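A short write-up of the structure that comes next.
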Amino acid sequence: MSARSARSAPGRRVGDRAATDLVGYLLRLGDDALIAAQRLAEWSSRAPEMEEDIALTNIALDQLGAARALLTYAGELEGAGRDEDDLAYLRTDREFANCLLVELPNGDFAVTMAKLLFLAAYQHPLYGWLAGSADDRLAGIAAKARKESAYHLEHAALWTVRLGDGTDESHRRMRAAVDEVWPYTHELFATDDLLERLDKAGVAVNPAAVRDGWLDTVEKVLDEATLTRPVDGWTPGGGRRGLHTEHLSYLLAEMQVVHRAHPGATW
Amino acid sequence: MYDVDAQGGGLLDEVEAAEAALRAAAERGAQAGGAGRERFDALIAADQKIEPRDWMPEAYRRTLVRQIAQHAHSEIIGMQPEGNWITRAPSLKRKASLLAKVQDEAGHGLYLYAAAETLGVGRDELVDLLLAGRQKYSSIFNYPTLTWADMGAIGWLVDGAAIVNQVPLCRCSYGPYARAMIRICKEESFHQRQGYEILYTLAHGTPAQHQMAQDAVDRWWYPSLAMFGPPDGESTHSAQSMAWKIKRFSNDELRQRFVDMCAQQIGALGLRIPDPDLRWNDERGAYDYTQPDYAELMRVIAGDGPCNRRRMAHRRRAQADGAWVREAVVAHAKKAADAKKAAAA
Ligand SMILES: [Fe+2]
Ligand SMILES: [Fe+2]
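Order-wise, the sequence lines are chains A and B. Reading the first sequence from the start, the letters are residues 271 to 537 in my numbering. Reading the second sequence from the start, the letters are residues 13 to 357 in my numbering.
If you want it as structure tokens, here you go:
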């Protein structure tokens, strides 16, 4: 059964393989966006320039907006009565499906920009593909997010070049940041059964297919920034299966603390 | 839900009227003849705007720089108490509006620094004065945000007081400041509305939420009253500012206006104002109320509020941590310019 018919027959969603697959996929996308937003929001009132404070908040707001649309859709499709807040605030660490890249601490501004560059260079083509997904609602969310991620990519690329080709100190920091974050990019392109099924159904793209484009984009930026692409080696992963770094639990503890302290309350 | 626009709307109408008056003055053109002080006095008397190119008394310029800078610093430091709750906002919708609100405050800071720049003082210079402790920001931001309900109380009371203070500034005699204030006041009214909605939701929620909301109003009420400054008899800058049409109403007039506005809204919120002596006075056509503790206000202004050191340390750290980034921007721009020159040669 295709996602399209799953969507048009709400009574049969639960237990439907295609719907369950899509819920799982929406959670991956939504959690990537939510956790990225949470980290970016930590910069508020701390950025190196006031204009940059505003820019980082814009990107955080874009990611948060995409997260809300994706999680809301996941909750509706799941059919268990969970809304965006139930999914954001009441799942445990092991139930989050985001990639490890987004949960890494912000580090200095160079680490934040390296994370953003790698994420946006992945989200932009991914959302571009998903804008033509067989699932209309996902396609609509992706079409909006694609435009936003073009700006995120441009912004991160601009900073990577400025910092890489700036002072000796900024070059050293940007190089260290790229080296530190690089291993976590492999997980973005890892495939599994769920992705292969959705790929076959025309709902999602196997991310392995966007890696060449990603490398192309990233290498051009690194080159202009007088930086070199790190050597591939260690490939940490597991986020899609709920196996995270030690950082996620702290992030969630902070994000969920008020909501969890008042069960059933509305805000 | 009680219609907060009925109150906020009156103030917004004033903002619109100020904007219309500003446009009309611009269309009339400067009708004042003469030059120097004579022309300045004539412009002020005719309710025309003073523009950056116009001659102005040095004391007028200094007063404006001091006031606009303090206002700009307040927007920037004011990001901290609310920024404190962004990562813990209890719903994604509230998280998004709080993020956007704190971002608006950064934008307000930028408009105001730009307005100060028209008087010949750069943003960097003003920020240095703030970090050196030689210029002030609103003392309200030296109080801590202890619970989520403080986001509601700040929006309703602190942004509310800011609007009451700032709406008359939309008619300020200095053009760039008046125009910045028109833009800012429109956004502040959203903030007040958001704060009201947060408080309303909490007050009508669980008993624990209601208590949280009342506690926040209890803590923020008197500091908000103190935002209007010392009582008229003790205010040092007021008379001259009134004559220059920078200030249009006295501290006490504005404070009264704020008290009346809040007293009318508190019932619908389902909360109470922590002042047993708050009551309508038919004769005065206004509410009687208890004055805030001005000795406390002076202590906080002098640096001994609960969060003065924390707010300044936060700002200094952000500035210091970003230094290498700003240096890189300059170095990169120079490299790019040199490369362009080399290519052209
Ligand atoms: Fe503001
Ligand atoms: Fe505000």
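For glycine and all other residues, C-beta sits at the position ideal for the given N, C-alpha and C. Just so you know, these numbers come straight off a predicted model, no measurement behind them.
{"Item": "Answer yes or no: do E373(A) and W336(B) have a C-beta to C-beta separation smaller than 7 Å?", "Value": "no"}
{"Item": "Spatial neighbours of S315(A) within its chain, please: CB distance less than 7 Å, with the 5 preceding and 5 following residues excluded, ordered by chain position.", "Value": "D323"}
{"Item": "Can you tell me whether DSSP reads A298(B) as helix, strand or coil?", "Value": "strand"}
{"Item": "What's the C-alpha gap between Y125(B) and D272(B)?", "Value": "32 Å"}
{"Item": "Where do the ends of the alpha helix (DSSP H) carrying W232(B) lie?", "Value": "219 to 238"}
{"Item": "Regarding H203(B) and ligand 2, is the C-beta to nearest heavy atom distance less than 6 Å?", "Value": "yes"}
{"Item": "Quick test of the definition: if touching needs 3 or more C-beta pairs under 8 Å, does the segment 195 to 205 of chain B touch the segment 158 to 175 of chain B?", "Value": "yes"}
{"Item": "Look up N263(B) in the DSSP assignment and give the residues it is bridged to.", "Value": "Per DSSP, none; premise fails for N263(B)."}
{"Item": "For R231(B), which residues in the same chain have their Cβ closer than 8 Å to its Cβ, ignoring the five residues on either side in sequence?", "Value": "Y155, L158, D162, A165"}
{"Item": "Under the DSSP definition of a beta bridge, which residues are partnered with W292(B)?", "Value": "Y299(B)"}
{"Item": "Expressed to the nearest angstrom, what Euclidean distance is found between the alpha-carbon atoms of G434(A) and H441(A)?", "Value": "4 Å"}
{"Item": "Report yes or no: is there a C-beta of chain D within less than 7 Å of the C-beta of P219(B)?", "Value": "Among the chains of the structure shown, chain D does not appear; the protein chains present are A and B."}
{"Item": "Would A303(A) be called buried (16 or more neighbouring beta carbons within 10 Å of its own) or exposed?", "Value": "buried"}
{"Item": "Using a Cβ-Cβ cut-off of 6 Å (strictly less than) and excluding sequence neighbours within five positions of Y392(A), which residues of its own chain qualify?", "Value": "L458, W484"}
{"Item": "In the structure shown, what three-state DSSP assignment does I98(B) receive?", "Value": "helix"}
{"Item": "In angstroms, rounded to a whole number, what distance separates the CA positions of V27(B) and V179(B)?", "Value": "6 Å"}
{"Item": "Going by DSSP in three states, Y149(B) sits in which element: helix, strand or coil?", "Value": "coil"}
{"Item": "Quick one: measure Cβ to Cβ for S109(B) and Q206(B), integer angstroms, because I've assumed they're closer than 8 Å.", "Value": "6 Å"}
{"Item": "Flag this pair as touching only if the segment 284 to 299 of chain A and the segment 64 to 75 of chain B have three or more C-beta atom pairs under 8 Å; answer yes or no.", "Value": "no"}
{"Item": "So, are the CB atoms of V473(A) and S403(A) less than 7 Å apart?", "Value": "yes"}
{"Item": "Should D302(A) be listed as close to ligand 2, given that the test is whether its C-beta is under 6 Å from any heavy atom?", "Value": "no"}
{"Item": "With DSSP as the reference, please indicate the residues paired to I62(B) in a beta bridge.", "Value": "Y186(B)"}
{"Item": "Give the residues from the segment 73 to 107 of chain B that approach chain A closer than 8 Å (Cβ to any Cβ), ordered along the chain.", "Value": "I88, M91, Q92, G95, I98, T99, R100, A101, P102, S103, L104, K105, R106, K107"}
{"Item": "If R323(B) and P318(A) are in contact, beta carbons under 8 Å, what's the gap, nearest whole angstrom?", "Value": "Actually they are not in contact, since the Cβ atoms of R323(B) and P318(A) sit about 19 Å apart, beyond 8 Å."}
{"Item": "Quick check: does the Cβ of E94(B) come within less than 6 Å of any heavy atom belonging to ligand 1?", "Value": "no"}
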